[in-house]
Structures are given as C-alpha cells and as structure tokens.
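Anchor point for the sequence shown: position 582 equals 582 in full-length UniProt numbering, and the numbering is continuous, going up by one each time.
Note sheet for the following structure.
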Amino acid sequence: MELETTTHTDAIGTEAVDKVYGLGYEVGHADWSPFPRVNYLRQTFLDRSYDIDVERLRLVTEAYRNNETMPRILQCATAFQNILLNSTLHIYEQDLILGEIAAPAKASPIYPEFSVDWIIDEILNAPFEERPNDQFYIRNEQDRAEILELCEYWKGKSANEFITANLDEDQKKGSHMGEKVFQTNNYHFAGIGHFAMDFKKLMTLGYQGVLQQAKEAFSTLTKKDPDYSEKRDYYKATIITLEAATQYITRYALLAEDMAFAETDEKRKQELQAMSANCFQIAGGAPQTFWQAAQLFSFAVTMTQIEGNGHSISYGRMDQWMLPFYNKDVKDNGVSKAFVLEILEVLYVKMNNPTKLKDKGTVKVRNGRGFGGESLTIGGVDTNGNDATNDLTMLMLEASVHTRMMNPWLCVRLHDKTPRELKLKTIECIRAGYGHPKLFNDGPAIKAMLSKGVTLEEARDYAVVGCVEPTIPGKEHGWLDAGYVNTVKMMEMVINGGRILSGPNAGMQLGPDTGSLETYQSFEEILESVDKQFAYWCDQLCSCLNTTDKMHRMIKPTPYISAFFEGCIESGKDMTAGGAKYNGTAPQAAGMASCADSLASIKKLVFDDKKYTGKELLEAVKDNWEGHQKLYALVNSSKIPHYGNDIDEADALFSFMFECYCRHIKGRENPRGGKFSPGVYTVNANVGMGLYTNASLDGRKNGEPISDNMGPVHTAGGSHDINGPTAVINSVTKVDHSLATNGTLLNLRFPEDAVSGVEGRDILLSFVDEYIGKQGMHVQFNIMSSEKMRAAQQNPEQYRDMLVRVAGYSAYFVELGKPLQDDLIQRTELRF
C-alpha cells in the first residue's frame with residue numbers, strides 16, 4: 001500500500017527525481033560528481049593517509065601548564081583560545097570551504113584532557129600502525145617522543161582517571177574494565193557528543209551576536225546570586241571562546257587574502273578572494289549568502305570538535321536552516337542551483353576530513369576512524385505539522401549520491417504526506433548502493449520525543465544525531481549513545497544463577513543469583529529472572545554513567561558549544577552542569593533478538609515439548625555446543641519459532657525483552673536534572689561484544705557476534721529469518737518503537753538484482769511505505785550481494801571506495817576488520 005502523497009513541483013533539485021544513479025557499487029566507475037573540482041577533492045581525500053598530529057596536544061598542554069591555578073572552566077577556555085590562535089592553518093588546492101580541527105586534513109589530533117594512559121600504552125606496546133584495522137600513523141620518531149613526553153604531564157589529570165577512581169568494584173566488574181556486561185568507554189576516553197547545536201541561532205546572529213548575548217547576560221549578574229562565582233567564570237569562559245572563534249576565522253581570512261595576492265591563476269585568485277571576503281563577513285556578523293552560511297557552518301562544527309572531542313557532532317535539519325540563504329541567492333541574487341550544488345558537494349567532502357584516534361578496545365567494538373555519527377537530517381514535517389520538503393532537500397540528496405562518501409550520514413525523515421518526488425529520489429540514492437540515506441518515521445519519532453517532555457512544536461523539529469538518535473537541536477543535551485548493554489551476557493546470568501558460564505572465570509558470581517536452568521520450574525520464573533537481572537544491571541550501568549557525567553562537569557566543561565544551546569547563557573550554566581533546556585542520558589541495549597530466540601529455545605524445548613531438560617541446555621552452552629550437534633542444529637532450525645518470521649509467539653518474546661529494558665531505563669534521574677532515555681540498537685558493537693560473550697541458546701558459539709540492532713539472529717549455524725523481508729518488518733513493528741526514546745535501528749540487505757529496474761524500484765518504495773505505515777521508527781539498506789563483499793575481501797585495492805551500510809553509519813568495506821566484514825556478509829540476503 002502506498003501512503004498518501006503530495007506533489008511539490010518546485011522541489012526537484014537539478015536532476016529528474018527518478019534519475020537512476022546506478023545499481024550497487026561499480027568497480028572502475030567513472031567520476032560520480034558533475035564537478036571536476038569535487039572529484040579531485042574526493043580522490044585527494046582517499047589518497048591521504050590517516051596520521052596522528054601532535055599540535056593540539058602541544059598547545060593544550062602549554063595552556064594548562066600556564067594556568068594551573070585557574071578555575072577549570074577558564075582553563076578549558078584559555079586552552080581553546082590557545083589552539084585557535086596558534087594552530088597551523090591549511091587551505092587546500094581547489095577547496096572552497098575552510099576550517100579543520102586543528103590538524104591537517106585526515107589527521108587526528110590528541111585530546112589528553114580525557115585520557116592518556118591508553119595512548120602511552122599503545123605507542124609502547126601495541127603501535128597504532130600495526131593494528132589489524134583502523135591504523136593511524138605517527139609521522140616521525142620526533143613526534144612519537146613528543147607525544148609520550150606531553151602525555152606524561154596529563155597522568156592523574158584526565159577525566160578517565162577521575163571516573164575510574166570514583167567507581168566501586170561492582171560497577172567496574174560489570175563494565176568494560178571487567179566482564180563487559182555493559183560498556184561506557186565512549187565517555188571514559190572521550191568527550192561528550194551526540195548533539196546538534198542551534199545553527200539557526202548562529203546563522204541569524206553570527207558569532208558577534210551571540211557574543212553580545214553573553215556580555216549582556218554577564219552584565220546583569222550580581223553578587224547577590226549564591227552561584228555568583230560559578231556564573232562569573234562561565235560567562236568569562238564563554239566570552240573568551242567566542243572572541244577566539246572570531247579571531248580564528250579572521251586568521252583564515254588573512255591567509256586566503258595573502259594566498260590570493262600570490263596566486264597567478266586568475267580563476268583561483270578570485271576564489272581565494274571570495275573565501276577571504278566570506279571569512280571577514282562571518283567573523284564580524286551574520287552570513288549573507290549561501291556560500292557564507294556553508295562556511296560558517298564548517299567553522300562552527302570543527303571548532304566544536306576542537307573543544308570537546310565528542311562523537312557524532314551532527315548537523316540538524318540543514319535543508320530547513322539553510323533554506324533562507326538558498327532562497328535569497330537563487331531567487332533574488334541570480335545564483336545558479338548548480339553553484340549551490342557544487343558548494344554542497346565540496347562541503348560534503350570536507351566533512352570527511354576530521355578523524356579521531358580511539359583506543360584499541362573501542363576500535364575492537366566499533367570500527368571506524370571518523371568522529372562518527374555526523375548525521376544531516378532532511379525532509380519531515382515543519383513545526384506546524386506540514387510537509388517541509390523543499391528544493392534544497394533534493395539538492396542535498398543529489399550531493400550525497402554524487403560524492404558517495406562516509407559523511408555526512410544523510411537522514412531522510414518520512415511521514416504520511418511525504419511527496420512522491422522525495423521518496424523516488426531517496427529510493428534511487430539507496431539503490432545506488434553506497435549506504436545512504438537512512439530513513440526515519442516522523443510518527444513514532446515525534447511520539448518518542450513527546451514522551452521525553454518536549455513541546456509538540458519542538459518534537460516536530462527533531463533531528464537525528466549519531467546513528468539513530470532523535471534530539472532537539474540547540475535545546476537538548478541528551479548524552480546519547482552513553483553506553484552499550486550486552487543483554488546476551490545478562491541472559492547468561494539468567495540461565496546460570498548469576499555466574500559466568502565458561503572461560504577463565506567460569507563459575508564466578510557476577511550478578512545476583514536469580515535462578516538457573518537447573519532450578520526453574522516454569523517459564524514464568526525465567527521471565528521474572530530476566531526482569532530481576534535487568535533491574536540489577538541497569539542500576540550498575542546508570543550509576544556508572546552518573547559518575548561519568550559528574551566527572552565531565554568537573555574536568556571538561558564546554559563553554560564554546562554551550563553558547564549555542566538554549567538555557568546556558570540565560571542561566572549562566574555550562575551544558576555539562578545542566579544548563580541546556582533539556583538534559584538526558586541515553587544508553588542502548590544490544591542483542592535483543594539473541595535473547596528472544598534464546599527464550600524461544602527454552603520455552604519450546606523444555607516447557608512446551610519437554611524434549612530436553614534445562615540442565616541439558618545449560619550443559620550445551622557451557623560446552624560451546626561441542627558434543628551437542630543435534631541440539632545445535634535444532635536451535636538454529638525453523639523447528640524453533642524465531643523472531644523475524646512474523647510468528648506471534650516468537651515476536652512476543654522480543655517485545656518482552658524490548659519493553660523490559662525500556663522500563664528499567666526510562667525515567668531514572670541524572671545529575672543534570674534530566675531523565676534517562678532507552679535506545680535499542682548496537683551499531684556494529686554486536687561484533688565486538690560477541691567476542692567477549694560465551695555461547696548462547698539462540699545457537700551462537702563462543703565469540704560469535706550477538707544479534708544486530710532490531711534485526712533477527714544470524715549465526716554460523718544459519719540465519720533465523722527465513723520468511724522474507726515482509727515477515728521481518730511485521731515482526732519488528734509488533735513492538736512500540738516510541739518506547740525507545742533514544743531510537744531503534746533496523747538493517748536490511750538486498751542483492752542488486754532484487755531491486756533492479758522500474759519494478760524493483762517501485763517494490764522497494766512500496767516496502768518502505770509499508771514499514772512507515774506500520775510505525776517502524778528507522779530502517780536502512782545495503783544494496784549489495786554477499787558475492788561482491790567477498791570479492792572486495794579478496795581484492796581490496798579494486799574496492800577502495802566501496803561503502804557499505806554497517807549500522808547507523810556507512811564505512812569503506814575494505815577498511816573494516818575482518819570479523820565485521822564477515823558479519824556483514826553473514827546478514828540475511830533478502831528478496832521480495
């Protein structure tokens with residue numbers, strides 16, 4: 001059934017809405033972009049190596065050493081200032097957008113404020129260059145020695161050390177420092193991200209306007225205020241960072257001016273002069289043109305990354321907040337759509353330059369060398385509930401399919417009146433097989449936002465950050481992606497009396513003893529045990545996150561980015577101290593389908609058919625299925641009702657797991673005056689988590705990936721979904737997605753021939769319509785056969801720029817670790 005649509009004849013971009021952009025990845029393809037400049041910049045990016053840059057580490061250390069007695073927020077501000085005023089600037093050949101993250105393109109800076117022990121350890125004992133994947137390269141021995149020397153200063157001063165010192169043994173033993181029932185290392189080792197700043201405010205006021213707001217608020221502060229000293233320091237820090245931002249942009253303006261003076265090519269000279277003029281304008285006021293708005297955006301985001309090191313600094317609803325500049329240029333100033341498109345494509349390539357050095361533990365769980373999660377949201381409804389599709393929406397899709405790079409992670413919001421034109425162009429981009437865009441359903445997403453306490457108008461204006469997390473740009477500091485919960489390890493506690501099943505710590509009491517398969521007398525007792533284990537482990541997880549939250553407030557406030565969140569300047573409080581209008585903490589559950597199918601095996605074999613005892617099932621997983629081949633084949637067969645096949649009995653068990661997790665997370669209080677918010681997704685952590693997880697009763701063996709996101713189980717013994725894609729979405733949509741206020745994620749994969757031709761396109765479009773109509777929150781597609789991915793494993797040089805949709809993000813397949821590559825290949829290849 002196709003949902004009702006409206007027609008927007010003015011929203012067509014530069015190309016036909018049904019233009020075919022290809023079917024899957026093509027080896028030896030021609031350049032995709034119509035702009036030679038973009039193809040050059042894209043290839044230049046691919047040819048650069050991933051380096052580690054020492055300059056930020058040097059400048060931030062210098063600032064802290066010189067200001068050791070300052071209040072911490074002022075230390076942070078002066079360090080930010082020192083970086084912006086003294087870092088080396090780069091303007092690259094043919095580029096039209098300026099700004100990096102205080103490091104050359106594709107080189108990663110170092111953020112010692114958060115953690116250094118792992119940097120020292122890996123330089124000495126596990127070199128970044130020798131990793132099996134996600135390698136980084138230190139340019140020379142001098143840099144290596146300087147990094148080690150500077151990191152020594154930070155021992156005992158980093159956020160990670162303060163967090164670890166404030167955790168008790170029960171918290172540690174369940175975390176990434178122990179048995180990895182849950183993992184919170186994202187915010188142990190790095191800054192807080194997963195937000196979208198108020199770009200509309202920045203574009204309207206410019207830095208000078210926001211700076212004036214801060215100065216006026218500071219001028220009204222009195223010593224009668226009991227929090228006078230904290231607010232005074234906050235305002236001083238905000239003013240320092242905003243003034244530094246304008247000085248930084250002016251440095252680029254002067255550099256471009258100097259380069260233009262020396263340039264002999266007249267066309268490039270004019271471009272450099274224009275870039276200089278753009279920077280002078282936005283350093284002193286608000287942008288006046290689309291190009292200037294794009295330039296201001298680039299500076300705003302990269303400075304956020306310079307300050308905070310957080311993952312997933314996302315871009316909000318760019319087709320909405322950039323629209324006034326587009327309309328003014330195209331309708332009033334005679335600027336061509338082609339030029340706007342070229343600026344967008346240059347910007348898209350530029351978004352890939354920032355890279356982030358991560359610890360080997362994180363890299364094992366989550367492959368990828370980018371900051372991760374730079375989501376750009378288009379489409380959807382406006383604050384009045386009307387369709388918001390516009391011409392810029394279409395251009396942003398065209399820019400995505402022309403560049404075909406990891407970033408930005410393009411997100412298309414759909415609803416029951418989404419224009420057919422937008423859906424067609426979206427489907428053609430998906431069929432091109434580069435993993436973008438991902439799709440979001442306004443219905444359950446808005447419902448989820450409302451349940452967090454935002455207004456209807458705000459909920460309708462949600463944007464996606466990170467992989468799948470809905471947020472309110474410039475108003476919500478949600479601490480999204482706060483931690484991963486391995487529900488399969490929780491289930492291990494359920495079936496074995498809270499003890500570890502096997503391995504070097506076999507028999508160790510890890511969780512509470514809530515019963516075992518040797519003692520349960522009914523299936524209802526098992527469900528009660530699940531609930532008790534979830535309650536215990538959610539207590540451990542959330543208490544860890546609250547401790548981490550407090551340490552970030554103490555160690556690394558972020559006055560620059562706080563200026564672009566409603567409530568901070570008004571209240572005189574940094575966002576780490578709860579200054580934002582909405583504050584949350586949002587961890588996510590992984591492995592739900594593995595748990596559901598484990599319950600299905602127990603219910604069917606022990607309590608319904610009575611073919612096996614609970615003790616026999618327990619012995620099978622303790623033995624890693626060795627010597628239990630018949631039982632192993634049975635639990636991986638269709639004789640067990642499995643989630644993902646539109647079988648009510650199996651799907652009800654998934655719903656039980658989903659609702660149990662959400663119930664135990666939602667509504668808990670955090671230190672910033674906000675509430676906890678549950679998500680149900682794994683990104684690609686299901687692979688890394690599986691490495692540390694013993695065999696489970698869904699038919700996994702030791703070390704195999706746990707189930708991915710909202711998807712069905714696939715093990716080495718076989719995929720558990722066998723009834724096709726419609727059955728999968730029927731199962732997935734039997735649960736209320738809006739309960740997961742931090743988002744859900746569904747991966748689906750089709751081989752190229754399954755969606756070929758006009759018929760294949762229309763079937764895929766109708767399939768998406770059906771999923772949206774059934775109130776699924778999110779879905780994304782790989783259009784790629786297992787055969788092609790195996791070919792890329794064998795001949796990686798021929799497939800260097802082949803993108804795959806991993807989870808909430810796309811990545812270059814040949815850069816992923818082999819376990820993750822194998823997991824992608826093993827996912828069910830669906831056909832209609």
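No residue lacks a Cβ here, since even glycine has one placed at the ideal position from N, Cα and C.
Exercise. What are the partner residues of L414, as DSSP defines its beta bridges?
Worked result: N441
Exercise. CA-CA distance, Y50 and I138?
Worked result: 9 Å
Problem set entry | Span separating the alpha-carbon of T828 from that of A482 | 29 Å
Problem set entry | Residue range of the alpha helix (DSSP H) that includes R72 | R72 to N86
Exercise. Can you list, in chain order, the stretches of the alpha helix (DSSP H) that have 4 or more residues and sit fully within the region 285 to 336?
Worked result: 290 to 308, 318 to 321 and 323 to 327
Exercise. Hey, out of R144, T241 and A165, whose CA is closest to M551's CA?
Worked result: A165
Exercise. Which residues in the same chain as C151 place their Cβ atom closer than 7 Å to its Cβ, once the five residues preceding and following it in sequence are excluded?
Worked result: P112, V116, I119 and I120
For this session: Could you pull the start and end residues of the beta strand (DSSP E) that L803 belongs to?
Result: L803 to R805
Problem set entry | Burial state of T7, where buried means 16 or more other Cβ atoms lie within 10 Å | Here the model assigns T7 a pLDDT of 39, short of 50, so the residue's position is not dependable and the matter cannot be decided.
For this session: Determine the burial state of M1: buried for a count of at least 16 other Cβ atoms within 10 Å of its Cβ, exposed for fewer.
Result: Note on M1: pLDDT 26, under 50, position unreliable in the model; the coordinate value appears next. Label assigned to M1: exposed.
For this session: Tell me V465's beta-bridge partners as DSSP assigns them.
Result: E469
Exercise. In terms of residues, what are the limits of the alpha helix (DSSP H) holding P819?
Worked result: K818 to Q826
Problem set entry | Residue nearest to M689 in terms of C-alpha spacing, selected from I647, D708, P109 and G578 | D708
Exercise. Do the CB positions of G379 and R431 come within less than 9 Å of each other?
Worked result: no
Exercise. So what does T250 bridge to, in DSSP terms?
Worked result: BP columns for T250 are empty, so no partner.
Problem set entry | CB-CB length for I240 against F290, believed under 8 Å | No, I240 and F290 are not in contact; Cβ-Cβ is about 31 Å, not under 8 Å.
For this session: Just the C-alpha distance for M406 and V27, rounded to the nearest angstrom, thanks.
Result: 18 Å
Exercise. DSSP puts D387 in a beta bridge; with which residues?
Worked result: V381
Exercise. Does any C-beta atom of chain C lie closer than 9 Å to the C-beta of D332?
Worked result: Within the model displayed, chain C is absent; a lone protein chain is all it includes.
Exercise. What residue range is occupied by the uninterrupted alpha helix (DSSP H) comprising P36?
Worked result: P36 to D47
Problem set entry | Per DSSP, cross-strand counterpart(s) of residue 837 | What the structure shows of the chain is the stretch from 1 to 832, and residue 837 is not part of that stretch, so it cannot be assessed.
Exercise. Terminal residues of the continuous beta strand (DSSP E) containing H778?
Worked result: H778 to I783
Exercise. Where does the unbroken alpha helix (DSSP H) through A589 begin, and where does it stop?
Worked result: Careful: A589 lies outside any alpha helix (DSSP H), inside the beta strand (DSSP E) at Y582 to A590.
Problem set entry | Supposed contact pair K556 and F114 - C-beta distance, whole angstroms, cut 8 Å | 7 Å
For this session: Taking only the alpha-carbon atoms, compute the straight-line gap between residue 876 and F297 and give it to the nearest angstrom.
Result: The chain is shown from 1 up to 832; residue 876 falls before or after that span and cannot be answered.
Problem set entry | Between the CA atoms of V530 and G498 - distance to the nearest angstrom | 11 Å
For this session: Could you tell me whether the Cβ atoms of Y812 and R831 are closer together than 9 Å?
Result: no
Exercise. Considering only the beta carbon of each residue, do A650 and A600 sit closer than 9 Å?
Worked result: yes
For this session: Starting from the C-beta of S522, find all residues in its chain whose C-beta is less than 8 Å away, skip the five residues before and the five after it, and write them out in chain order.
Result: F607
For this session: Any chance you could list the alpha helix (DSSP H) runs of at least 4 consecutive residues sitting entirely within the region 633 to 712, in chain order?
Result: 648 to 665 and 685 to 691
Exercise. Given V22, which residues of its chain have a CB within under 8 Å of its CB, disregarding the five upstream and five downstream residues?
Worked result: The sequence shown places Gly at residue 22, rather than the Val named in the question. Contacts found: H29, R431, A432 and G433.
For this session: State the Cα-Cα distance for the pair A63 and A77, rounded to the nearest angstrom.
Result: 9 Å
Exercise. Given a threshold of 16 other Cβ atoms within 10 Å of its Cβ, counted over all protein chains shown, does P408 qualify as buried or as exposed?
Worked result: buried
Problem set entry | Cα-Cα separation, Q75 to E68 | 8 Å
For this session: Starting from the N-terminal side, write out each stretch of the alpha helix (DSSP H) that is 4 residues or longer and does not extend beyond the region 195 to 267.
Result: 199 to 219 and 228 to 262
Exercise. Measuring CA to CA, which of M777, R749 and Q775 is closest to L764?
Worked result: R749
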